[in-house]
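Reviewing the structure listed below.
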Amino acid sequence: MDISSRWGADPVWRVLADLVAARPGLHVLDVGGGSGTVAVPLALSGCRVTVIDTSIDALAILRRRAVDAGVADRVESVQADADGVGDVVAAGTVDLALCHHVLEELDDPARALAGVAATLAPGGTVSMLVAGRFAAVLAQAMVGRYASAAAVLTDPAGRWGADDPLRRRFGADEVSELVAAAGLTVRRITGVGVASGLVHACARSGSAPDDDALAELEMLLGEHRPLLEIGTDLHVLAGPAG
């Protein structure tokens with residue numbers, strides 16, 4: 010199965026599909042992978058996938074999905090916290106680690122990322138997807154929540170207050186510093202959803218969308234600073250330094 014067909018024009022999965030195609034049979038670590046919506050398609054593409062999650066129920070769904078898809082022999086489920094990856098996955102054994110929408114939920118993302126980094130094999134890659142700080146600033150401002158927008162911009166964790174559902178958001182420089190602290194080097198950083206949120210809020214109300222053109226625009230915008238900084242998410246690829 011070509012995973013690019015599973016997620017279509019999604020820019021993150023375009024990148025991951027290329028990584029998987031270039032190195033068949035990768036060992037993938039999916040941190041916070043839950044019920045297997047990513048792990049099972051990866052296993053169908055020939056990868057061996059280890060999923061770590063805290064939820065027993067989500068892991069049970071993962072195992073059922075893997076059995077139904079005929080890939081139970083290529084999917085391993087482990088109940089553990091994200092900051093305990095190093096305790097349950099052997100060092101130097103992972104070709105591709107996914108940390109998608111995990112780091113912004115943790116008390117100590119630096120510790121968690123360092124643990125993930127230790128599992129990487131030579132030439133391995135970490136794919137991180139994190140909530141973008143500046144998109145949240147704009148989103149709050151566009152609905153008239155100006156104090157919240159200012160708070161997200163100035164708060165060290167990028168939060169608007171105690172009722173913010175996220176523990177933190179990142180700018181490109183902040184996530185790059187986190188990567189460096191884990192002994193990794195940023196290979197690529199892109200913005201995801203740079204234009205989509207604005208389009209949904211404005212243009213789509215009055216005209217039929219051209220989804221293909223929007224997808225291509227997103228690919229272009231997501232690679233250019235300062236525009237990538239206003240992506241809803243930031244997608245970072247990193248690997249061992251040196």
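Residue numbers (our numbering): 10 to 251.
All C-beta atoms, glycine included, are put in the ideal place defined by N, C-alpha and C.
This one's a predicted model, so the numbers in the text were calculated from it and none came from an experiment.
Cβ-based neighbour list, residue i, same chain, cut-off 7 Å, excluding 5 preceding and 5 following
{"i": "Arg213", "result": "At Arg213, the pLDDT of 48 sits below 50, so the modelled position is not reliable; the number obtained from the coordinates is stated separately. There are no such residues."}
{"i": "Leu162", "result": "Val146"}
{"i": "Ala250", "result": "Gly192, Leu193 and Thr194"}
{"i": "Asp19", "result": "none"}
8 Å CB neighbourhood of residue i in its chain, flanking five on each side removed
{"i": "Ala119", "result": "Leu187, Ala190 and Ala191"}
{"i": "Leu237", "result": "Ala181, Ile198, Thr199, Gly200, Val203, Leu230, Gly231 and Leu243"}
Residue environment, residue i, which counts as buried when at least 16 other CB atoms sit within 10 Å
{"i": "Asp242", "result": "buried"}
{"i": "Ala99", "result": "exposed"}
{"i": "Gln149", "result": "buried"}
{"i": "Gly34", "result": "exposed"}
{"i": "Val58", "result": "buried"}
{"i": "Ile4", "result": "The requested residue 4 does not occur in the structure, where the chain is confined to residues 10 to 251."}
{"i": "Asp128", "result": "In the sequence on display, residue 128 carries Thr and not Asp. It is buried - the Cβ of Thr128 has at least 16 other Cβ atoms within 10 Å."}
Beta bridge counterpart(s) of residue i as assigned by DSSP
{"i": "Ile65", "result": "Ile65 pairs with nothing; no bridge assigned."}
{"i": "Pro249", "result": "Leu193"}
{"i": "Arg57", "result": "His36"}
{"i": "Ile198", "result": "Val245"}
{"i": "Ala140", "result": "Asp242"}
{"i": "Ser86", "result": "Val60"}
Same chain, Cβ closer than 6 Å to residue i, neighbours up to 5 away in sequence not counted
{"i": "Val24", "result": "none"}
{"i": "Gly132", "result": "none"}
{"i": "Ala52", "result": "Val58, Val80, Arg83 and Val84"}
{"i": "Gly55", "result": "Pro33 and Gly34"}
{"i": "Gly1", "result": "The requested residue 1 does not occur in the structure, where the chain is confined to residues 10 to 251."}
Whether residue i touches residue j by CB criterion (8 Å)
{"i": "Val94", "j": "Ala67", "result": "no"}
{"i": "Asp39", "j": "Val21", "result": "no"}
{"i": "Gly74", "j": "Ser86", "result": "For clarity, residue 74 is Arg in the given sequence; the question names Gly instead. No. Outside cutoff."}
{"i": "Glu113", "j": "Arg32", "result": "no"}
{"i": "Ala91", "j": "Val111", "result": "yes"}
{"i": "Gly42", "j": "Leu107", "result": "yes"}
*asked:* Report the start-end ranges of each alpha helix (DSSP H) in the stretch 142 to 195 that is 4 residues or longer and not cut off at the edges.
replied: DSSP runs (the alpha helix (DSSP H)) wholly in the stretch 142 to 195: 142 to 151, 155 to 163 and 181 to 190.
For this session: Any chance you could list the alpha helix (DSSP H) runs of at least 4 consecutive residues sitting entirely within the stretch 100 to 141, in chain order?
Result: Runs of the alpha helix (DSSP H) inside the stretch 100 to 141: 118 to 127.
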